[in-house]
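Here numbering that gives the first Met the number 0 is used: position 404 in the first sequence is 403, and no number is missing along the way. Cβ atoms here follow ideal geometry from the backbone N, Cα and C, with glycine treated the same way. Below: the structure, in structure tokens.
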Amino acid sequence: MDYEKLAELLFKNIDKTPEDYEREYPCRNLPEVAKVTRFAPSPTGFLHIGGLFAAFIGERTARKTGGVFYLRIEDTDKKREIENGVSGIVKGLSDFGITIDEGMLTETESIGKYGPYTQSQRKEIYQAYCKDLVKKGLAYPCFCTAEELDAIRKTQEENKQNPGYYGKFAKCRNLTYDEIEEKIKSGTPYVLRLKSAGDETRRIKFDDAIKGEIEMPENVQDIVLLKTDGIPTYHFAHAVDDHLMRTTDVIRGDEWISSVPIHFELFKVLGFKLPKYAHISPIMKEDAETGGKRKLSKRKDPEAAVSYYHEVGYPKEAVLEYLLTIANSNFEEWRAENPEKSRDDFDFKLSNMSKAGALFDLVKLNDISKNYICTLSKETVYQNTLEWAKAYDADFAKLLEENRDYAIKIFGIERGNEKPRKDIAKWQDTVEYTKYFFEKPQNFEWQENLSKADMAEILKTYKTVYKDGETAEEWFPKVRDMAESLGYAKAPKLYKKNPESYKGHVGDVASVIRVAVTGRRNTPDLYEIINVLGYTEFLERIDRAIALLTE
RNA sequence: GGCCCGUUGGUCAAGAGGUUAAGACACCGCCCUUUCACGGCGGUAUCGCGAGUUCGAUUCUCGCACGGGUCACCA
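Right, dumping it as structure tokens:
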């Protein structure tokens with residue numbers, strides 16, 4: 000067989016050679032320790048939390064070593080693609096502060112010298128390498144139809160043989176030049192296959208940065224390199240792109256582990272140096288139905304989508320810190336010791352990653368998020384809440400903008416002291432949190448141990464006792480005195496000793512005021528709330544409550 | 001089924017051939033306290049199973065079980 004002639008027959012329009020591309024995309028001029036990593040999703044528009052996790056780890060690895068992190072779009076499957084699919088991915092990344100050094104910025108724009116960064120635009124590159132492989136007798140066209148392939152698989156299954164296109168089953172391996180030429184001329188569709196030289200009794204070995212030493216049988220399959228439409232499969236594109244883009248560390252989901260033998264052979268026949276592999280375990284979720292674990296599912300779990308976290312308003316810092324604690328569990332300890340430091344100063348290590356898939360824990364995320372938000376200033380909370388509301392709650396955004404100073408005061412309640420409140424986990428929580436400041440209470444959670452008359456009496460008395468402008472130190476003792484004069488214990492402890500001699504205790508009295516003003520039994524510090532509301536509003540609410548209680 | 005990966009409390013997990021088997025979240029109790037949070041103190045709870053190596057194994061080896069992945073012209 001004249002392979003040169005076959006290569007010309009198959010790829011007559013391809014003039015460039017691998018050598019041309021090697022020159023076009025030279026080795027990066029980086030220090031030896033610098034790592035080049037990438038995130039390479041399909042443009043489905045949907046960014047999975049696991050994708051963000053992988054991207055984040057790639058970004059951290061590159062940053063830490065002074066390397067390069069880039070975004071490549073793997074759009075070799077038209078079926079997966081949706082319109083503006085790149086934007087969704089790019090937005091998901093940027094919403095959570097993941098920045099790229101190279102790659103796709105929008106649907107069509109990119110930065111970097113190693114592009115194009117969209118695989119559909121790299122067709123000639125792949126074909127040049129394929130042409131070279133054909134020339135060397137390492138790849139061949141295959142005209143088998145789907146039906147023929149099915150038939151092969153069926154007999155293999157019946158005979159308990161490994162399924163696939165390999166060895167004696169690879170009938171197109173033995174086609175003559177004339178047979179091939181005839182089929183090509185008649186327009187028969189074909190794929191290009193690798194002529195595997197693998198031997199399943201031999202084993203490959205590699206050291207995965209996360210999983211450690213892994214050993215597997217060599218690949219023997221004549222896998223498809225180029226599909227009927229001339230577009231490469233994932234495997235072939237991976238080899239060519241990661242080589243040409245000079246990726247040093249391939250960080251990807253561990254569903255790829257079983258394909259590593261294919262990648263080994265591909266890198267070998269193409270004459271490429273193998274990258275380092277790091278296979279990440281997927282993020283799991285507890286499955287209510289089976290009681291077991293399963294991958295977070297795009298269909299069943301809203302929290303699988305990165306956009307979910309943005310929509311409900313988790314700060315990106317909280318999400319990233321949560322992902323970091325999953326990735327390197329010693330991060331939590333480091334954070335506790337270095338509360339002021341930037342996340343970037345943490346020494347992230349691929350080797351510290353867990354080999355098993357972690358269950359996604361929304362409760363833990365909430366905790367991390369509350370701890371983060373409680374360190375922010377009231378102005379920052381206002382600003383972040385406003386930005387969130389502008390995107391997802393227009394009415395609330397309007398309210399915040401029209402009452403800027405007031406809203407900032409609300410967010411200032413019990414904030415900035417040594418023990419700040421920790422009750423906001425996400426910006427969406429602020430809607431409920433601030434509600435009674437913007438509207439008079441509709442429902443009142445009155446406590447059951449007091450009669451309406453008792454409560455009305457407390458409020459009427461309180462109105463006469465309360466003076467605008469009291470300090471916190473003056474305020475509560477007055478409430479105590481008032482409680483005592485109305486027949487309530489000054490302190491809860493007194494009441495517990497002698498419950499019969501009192502109507503209740505100061506806590507009940509304060510509670511009546513609290514409910515009258517806010518409608519709720521549980522709120523932040525009452526004194527601060529009253530001051531934020533202002534004297535006029537306070538009086539109105541007390542009067543309104545008295546009217547309701549005495550009607 | 002073949003191949004591969006994994007398995008320490010409810011969750012995330014540290015750990016090393018000999019430890020009272022860290023810590024965080026969650027949960028429970030107590031304290032603080034005008035409510036709720038916060039904070040402080042304390043508590044419940046973990047090495048999948050069976051062999052082997054060893055004076056000793058949760059740690060090393062081998063089986064098994066269970067869970068997961070993969071076996072496409074999808075990535």
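Give every residue of the same chain whose Cβ lies closer than 7 Å to the Cβ of residue 127, excluding the five residues on either side of it in the sequence, and list them in chain order. 13, 15, 16, 17 and 20
Assumed close pair residue 262, residue 234 - CB separation to whole angstroms, cut-off 8 Å: 6 Å
How about the stretch 63 to 72 and the stretch 98 to 106: do they share at least three Cβ pairs that are nearer than 8 Å? yes
Taking buried to mean at least 16 other C-beta atoms within 10 Å of its own C-beta, is residue 507 buried or exposed? buried
Would the beta-carbon of residue 307 fall within 8 Å of that of residue 425? no
Residue of 1, 390, 45 and 25 minimising C-alpha distance to residue 302: 45
For the stretch 370 to 415, list the alpha helix (DSSP H) runs that are entirely contained and at least 4 residues long, ordered along the chain. 377 to 391, 393 to 401 and 403 to 411
When DSSP labels each residue in this structure, what does residue 143 get in the three-state scheme? coil
Quick test of your reading: residue 481 and residue 494, contact by CB under 8 Å. State the CB separation rounded to the nearest angstrom. With a Cβ gap of about 15 Å, residue 481 and residue 494 do not count as contacting.
Straight-line Cα distance separating residue 54 from residue 360: 19 Å
Within this structure, are the beta carbons of residue 176 and residue 5 separated by less than 8 Å? yes
Can we say the stretch 215 to 223 touches the stretch 174 to 188, given the rule of at least three CB pairs closer than 8 Å? no
CA nearest to the CA of residue 551, picked from 57, 31, 83 and 22: Not covered by the structure: residue 551. The range shown for the chain is 0 to 550.
Close Cβ partners of residue 413 (< 6 Å) along its chain, the five nearest in sequence each way excluded: 420, 523 and 524
Is residue 458 near residue 511, with beta carbons less than 8 Å apart? yes
Specify the secondary structure class of residue 212 as computed by DSSP and reduced to three states. strand
If you draw a straight line from the C-alpha of residue 499 to the C-alpha of residue 539, how long is it? 34 Å
Would residue 321 and residue 367 be called neighbours here (beta carbons separated by less than 8 Å)? yes
Quick check on residue 476: buried or exposed, where buried means 16 or more other Cβ atoms within 10 Å of its Cβ? exposed
Residue interval of the alpha helix (DSSP H) (run including residue 451): 451 to 464
If I measure Cβ to Cβ from residue 104 and keep anything under 8 Å in the same chain, skipping five residues before and after, which residues do I get? 89 and 110
Inter-residue Cα distance where the pair is residue 236 and residue 244: 11 Å
Restricting to Cα atoms, I'd like to know which of 298, 336, 250 and 364 is closest to residue 319. 364
One or two residues paired with residue 285 in a DSSP bridge: 292
With a 10 Å radius around its C-beta and 16 neighbouring C-beta atoms as the bar for buried, classify residue 376 as buried or exposed. exposed
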